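Enquirer:
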Amino acid sequence: MALSRRIFLLQSTCLAGLLSIGAAPVHAQARQHVTEDSVGFIGASTIQLTLVDTKLAAPESVEVTPSDRVVWSPDPTKDFGSVGKLNGRSGNFSGNESATMPQLFTSWAKVEKGSRLGGFRLGKEDHQKHALADEADQWQVTVDGTAVQVTALYRKSTPVQTMAVANGRFESTKRHVVTFELDQDIPDGAVVAIKGPSVKKIEHRREKNPFSEAIHICHAGYPLTGPKKAYVGAWWGQDQNGRAGNTDGAVSEDTVWRLTSTQDGAEAMSGRLRLVKPGAEPHRKDLNFNGCDIYEADFSDLNLEGDFHLHVDGLGRSFPFPVSLAPYDKALRLAARWYYYQRSGCEIVEPFGEGISRPRDGHPDDGLRIWQTDVKLGVTSEGYGKARVFELLSEYVQGAGGTDAAPELSTMSTNPSAWGGWHDAGDWDRRVQHMDVVFHMAELVEAHDHCRTLDLNLPESGKPFAHPAVKAKKNAQDIGDGQTVLPDLIHEALWGASLWRRTQHEDGAIIGGVEYSRSGIFGSVSWNPVQKIYAYGPEVWAAYRFVFGAAKLGHVIKNTCADQVLGDAIIAEALSAWNWAEQQPVPDMDEADETAVLSKSRVAEARVAAAAALYRATGNKQARAAFEAHNPFAPQADTPADGVRLGVYPYSNTEYMKAAKEGRPVNSKVYSAIGRWIKSRALKGERMGRDFGLHTTATYPWGRGWMRFGPGSNWRAGQFAMYGALVEDVPQDLLDKAAEGMWFGLGCNPANVSFVQGMGHRDFSDPLMTDRRGTATIPGQISFGVAGGKMHKWEQRKTQGSIYPSLQDDWPIYNQIFESRSIAVTAEHDMKANAMEWLVACAFATRRPSDEASGNGDTTTE
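FYI, the numbering for the sequence shown is 858 to 1719, going by my numbering.
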């Protein structure tokens, strides 16, 4: 295969610069917690042994040079479509079309020699349901040299890293937690020795207050004034007969807890545990999500700053944690800065990278071509429909005379303006749904003083939009008033909106975004992808979604940030998109066509939301009429639009109310109905959890799937924030609930793992990323953390043999924290769902008293 001309343009220094991507300075490096075995104790006679099985060596990336022997036939539509050989060595290649960056070769991951624990593998014959290590009589345990009997043995095993080790073959590093109940107590200071199937003798001296996995605290800490609680209880997995074990027999309401200073060991507070969620009590539909009793240690009355341990009699101590005035400020900054790392078309360099670097990606000036199609995002599974997007793109390319591997043979044109925006969840696509994030970033700046001064260390920080460092402009004339310094969060929102502003047609039409021919091809990198890149065609649904975010952004830039020129320009773009969408003919619809019916309702939802934001920004009478006729509260039409319902685009309703407060005429019945609904959902939502600080509801409208966007993202805080945006004084109860909602995602969960990179004693070990396999994770990246639905067949296949109990339904739901990028329902981040909700929650949880003064009065009186 001929090498690209690009190879000959590169200097030898390119390799050194590129490979620095893998460097991991201390402040950007995740805490490693999967590489060491450990021994813990529960009560007087129970041992927990944690073992790491099948360690994986991260693959290396090297530059391909003209002298290398390359065997490679890329297929841009397959996960393993970049497999080949470099000088006889098997692995994966990146693309070779970039004119500025070298092609890379990445070898397969390797299993470290001697790291497999064969005793934990299930037998292939006789349908063996348990491993040799699950048999108690296969283990030898001694206490100070004297043999003791194992009376019960429980195990739970989870993947903590998954990599491809060959074409179509995956291996997972596994964490086994084996719990031994013994026939006698273990005195403090005694030496315990454990030996078992494929496990060499491990010795450990029992200390007086060992660390306990059964004590769950928020790693980021607790507010000095506000709720401070820890939770106690753990599910141990199952024995070889399928019986579950847990801590129920080790703790009770008579168990004493003590809070001690990490500095001098002084006791700051003490009390007794309180049972807050019995294991027999269901969360919903007869399911208890814990698999054990959960107890609470409440030290909310503590009024002392410092770092502490929580000690629980019979169990041990927690991780250390701080109590401070502003424990979640770092979480807010990381949640907002994370979007900078997701920028497409932007080079990530120091000092802005803060330990992360990456070449500019997705940019036509680097030789990458974005092919324009007429495929509508909305009708695909990446929009609201069911059509497989990759199949539609392939059909379109072939219909235009090209092939999947060579779209340049087709009659399609390129779209050189289709760059900018943010990468999507774990891949590099950019979709118009991201305008929701733009809306909320603008909302945070409008609603919270401290979000206006948030320092994100961006290339644009402290600069007006006209500054040369600002690359989010749509063209050379797009410079705003030339002098107003914009908040960092607004600069980030402008980057997110830039793709759609830049590609808007002269008549106002809006495209759906940019799609790659495949997600996650092994070896591919965003700055030199194997995939082919396509732009979606314009569509009404995309136009309305653009209006929703752009009208809000323009209004805030104009009125809150005081750049009237830039604000008016963006508002004008929103109005142009609205007018284009309103002028499009409504196609005849066959009621039997499920896709057509769905399309009608989804477009209607987006239209009503867009109407409210646009009316506030412009006073457009048609937009007002559209919202008032079809809103779900007090419809003013005989037949409200199909699909428009409560809870969808909820912030569009606050826009309508704010329009009234700014002097625009509104329908009083609609206004009052909205106010009552916002107050009700904020103040009356049923608390579901009571454990781990969770304030969720048992009536979340989307079923069990809510777990993907629930515990780790603190979504209830968004409801509080809506209420807080409209009232003068936010009830302290809501502020307390928002603070408690931070805990689960920041380590107060059954795995004691922070779902947010850089925010805990243990970071989620294998978050879903596609650029940086084996390198530093992105600070602030949030994972789902809990598998909220059945794992897909492909997730089960990739991680086969790494989960025990092997049936997902045998796991209590809150324990389904599977730290493997190949289990997307756990490891993925979602741009406009959990990541956005987490950002909103962080902002509300760090709300300052001064923010309340910027409220607009109580809007909820009837």
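Virtual Cβ for every residue (Gly too), placed ideally from N, Cα, C. Note that the structure is a prediction, hence the values are computed from the model and not measured.
Contact defined as beta carbons within less than 8 Å: I believe Tyr1661 pairs with Ser1055. What is the distance between those atoms, to the nearest angstrom?
Expert: Contact flag wrong, Cβ pair sits at about 15 Å.
Enquirer: I need the DSSP call for Glu1512, collapsed to helix, strand or coil.
Expert: In the three-state reduction of the DSSP assignment, Glu1512 falls in the helix class.
Enquirer: For the region 1277-1285 against the region 1433-1441, are there 3 or more C-beta pairs whose distance is under 8 Å?
Expert: no
Enquirer: Measure the C-alpha to C-alpha separation of Trp1276 and Leu989 and round it to an integer number of angstroms.
Expert: 55 Å
Enquirer: For Leu1702, count the other beta carbons within 10 Å of its own beta carbon; 16 or more makes it buried, fewer makes it exposed. Which is it?
Expert: A small correction: the amino acid at residue 1702 is Ala; Leu does not occupy that position in the sequence shown. By the neighbour-count rule (16 or more Cβ atoms within 10 Å), Ala1702 is buried.
Enquirer: Would you mind working out which of Gln1229, Gly1235, Ala1461, Gly1369 sits nearest Ser1251, comparing C-alpha positions?
Expert: Selection Gln1229, Gly1235, Ala1461, Gly1369 evaluated against Ser1251 yields Gln1229 as nearest (Cα-Cα).
Enquirer: What is the DSSP secondary structure of Ile1428, reduced to helix, strand or coil?
Expert: helix
Enquirer: Taking DSSP's pairing of strands, which residues face Pro1321 in a bridge?
Expert: Val1342
Enquirer: Just to confirm, are Lys967 and Ala914 a CB contact at a threshold of 9 Å?
Expert: In this structure, Ala914 lies closer than 9 Å to Lys967 by Cβ.
Enquirer: Helix or strand or just coil, what does DSSP make of Tyr1241?
Expert: coil
Enquirer: Grab the span of the alpha helix (DSSP H) containing Glu1303 for me, first residue to last.
Expert: The continuous alpha helix (DSSP H) containing Glu1303 extends over residues 1292-1304.
Enquirer: Report back the beta-carbon spacing between Tyr1197 and Glu1349 to the nearest angstrom; my notes put them in contact at under 8 Å.
Expert: 6 Å
Enquirer: Based on Cα-Cα distance, which residue from Gln1388, Thr999, Ala1517 lies nearest to Asp1762?
Expert: Residue 1762 is absent from the structure shown; the chain starts at 858 and stops at 1719.
Enquirer: What's the C-alpha gap between Tyr1185 and Ala1077?
Expert: Per the coordinates, the alpha-carbon of Tyr1185 lies some 7 Å from the alpha-carbon of Ala1077.
Enquirer: Please classify Trp1279: does DSSP put it in a helix, a strand, or coil?
Expert: strand
Enquirer: Which residues in the same chain have their Cβ closer than 8 Å to the Cβ of Arg1705, if we skip the five residues on either side of it in sequence?
Expert: His1305, Asp1306, His1307
Enquirer: Quick check on Tyr1472: does DSSP put it in helix, strand or coil?
Expert: helix
Enquirer: Taking a contact to mean a Cβ-Cβ separation below 9 Å, would you say Asn1160 touches Thr1082 in this structure?
Expert: yes
Enquirer: Span of the beta strand (DSSP E) holding Val1682?
Expert: Premise fails: Val1682 lies in the alpha helix (DSSP H), 1681-1684, not in any beta strand (DSSP E).
Enquirer: Which word fits Glu1652, buried or exposed, when buried means at least 16 other C-beta atoms lie within 10 angstroms of its C-beta?
Expert: buried
Enquirer: What does a CB cutoff of less than 8 Å around Gly1128 pick up in its chain, not counting 5 residues either side in sequence?
Expert: Val1113, Trp1114, Ala1154, Asp1155, Phe1156
Enquirer: Check the C-beta distance from Gly1569 over to Ile1639 and give it rounded, since I have them as a contact under 8 Å.
Expert: 6 Å
Enquirer: Can you tell me whether Gly1235 is helix, strand or coil according to DSSP?
Expert: Helix.
Enquirer: Count the other CB atoms within 10 Å of the CB of Gln1018; is the residue buried (16 or more) or exposed (fewer)?
Expert: buried
Enquirer: Can you list, in chain order, the residues of its chain with a C-beta nearer than 7 Å to that of Gly1046? Leave out the 5 residues immediately preceding and following it.
Expert: Taking C-beta separations shorter than 7 Å and ignoring five residues to either side along the sequence, the partners of Gly1046 in its chain run Arg1062, Arg1063, following chain order.
Enquirer: Quick one: Cα of Gln1493 to Cα of Gly1550, how far?
Expert: 41 Å
Enquirer: Closest by CA to Tyr1671, which one among Cys1699, Thr1632, Thr1656, Met1545?
Expert: Met1545
Enquirer: CA-CA distance, Asp1286 and Val1232?
Expert: Those two C-alpha atoms are separated by around 15 Å.
Enquirer: When we look at the beta-carbon of Glu969 and count the other beta-carbons within 10 Å, is it buried (16 or more) or exposed?
Expert: exposed
Enquirer: Taking Thr1030 as the reference, which of Ser1663, His1686, Gln1657, Gln1673 has the closest Cα?
Expert: Gln1657
Enquirer: What's the C-alpha gap between Lys1594 and Leu908?
Expert: 37 Å
Enquirer: What I want to know is whether the C-beta of Val1113 ends up closer than 8 Å to one or more non-hydrogen atoms of the ligand ZN.
Expert: The ligand content of the structure shown is nil, which means the ligand ZN is not present either.
Enquirer: What residues in its chain sit with their C-beta under 6 Å from that of Gly952, if we drop five residues either side in the sequence?
Expert: Asn1385, Pro1386, Val1387
Enquirer: How should Lys1134 be labelled, buried or exposed, when 16 other C-beta atoms within 10 angstroms of its C-beta is the threshold for buried?
Expert: So Lys1134 ends up on the buried side.
Enquirer: What residues in its chain sit with their C-beta under 8 Å from that of Asp1150, if we drop five residues either side in the sequence?
Expert: Only residues of its own chain outside the window of five on either side were considered, and among them Gly1090, Asn1103, Thr1104, Asp1105, Val1108, Leu1132, Lys1134, Pro1135, Gly1136 have a CB closer than 8 Å to the CB of Asp1150, listed in chain order.
Enquirer: Alpha carbon to alpha carbon, how far is Ala1257 from Leu1249?
Expert: 12 Å
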